[in-house]
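Please read the structure below before turning to the comments.
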Amino acid sequence: MRYALLILLFLFSSCARRAEDPVITQMRTRGMQTRSFVGHDAKTVTKEIIGVLQDQGYMVKNVSGDVGLLTAEKDTNIEKFASKFWSSLVSGRQARWKKHSVIELTTNITEETGKTKVRINYLIRIFDNLGRIVDVHQVLEEEVYTDFFNKIQKGLLAKQS
């Protein structure tokens, strides 16, 4: 009995999670989502962002130079035959599986003295075969933002030369 109690105590203590500090998380998130482009005005940077988005298959939805807002989205079919098959087999007519996703991108472009600051935010919405939202989450992988900013930087450098 004593050993069972110790084992249970050990199992429950190992499940405890330390909560992350939301201030640090927010600062880290903003840091990976923001980049400054020195020596480029907001109009030039905005045009380069539009070009990069179009190259990646995004549909630019809104551009407001007054407030520096740019929005775009990309639809992707994520349906997998196996998911469809097994869901239909198990649930019949009530079967639900992931059908498509929409990647929404919002960009805030701010012109400062001698540089333009850009903040990008990716949001993914996943829909099922009935058109209902299954999941919504923000993209927090740093390499996604780094890759996007590097493409903007390469385009700006190519235009300078």
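Each residue of the sequence shown is one higher than the last, beginning at 53 in this note's numbering. Glycine residues also receive a C-beta, built at the ideal position from the N, C-alpha and C atoms.
Check, Outcome
"Which residue's Cα is closest to the Cα of LEU208: GLY83, GLU125, GLY103, ALA124?", "GLY103"
"Could you tell me whether the Cβ atoms of LYS151 and ASN181 are closer together than 8 angstroms?", "yes"
"Using a Cβ-Cβ cutoff of less than 7 angstroms, which residues in the same chain neighbour GLU163 once the five nearest sequence positions on both sides are dropped?", "ASP93, ALA94"
"Can you check whether the CB of ARG184 is closer than 8 angstroms to the CB of GLU156?", "no"
"How many Å lie between GLN212 and THR198 at the Cα?", "21 angstroms"
"My guess is that ALA147 and SER140 are in contact by the Cβ rule of under 8 angstroms, so how many angstroms apart are they, rounded?", "4 angstroms"
"I'd like to know whether the C-beta atoms of GLU100 and ILE172 end up nearer to each other than 8 angstroms.", "no"
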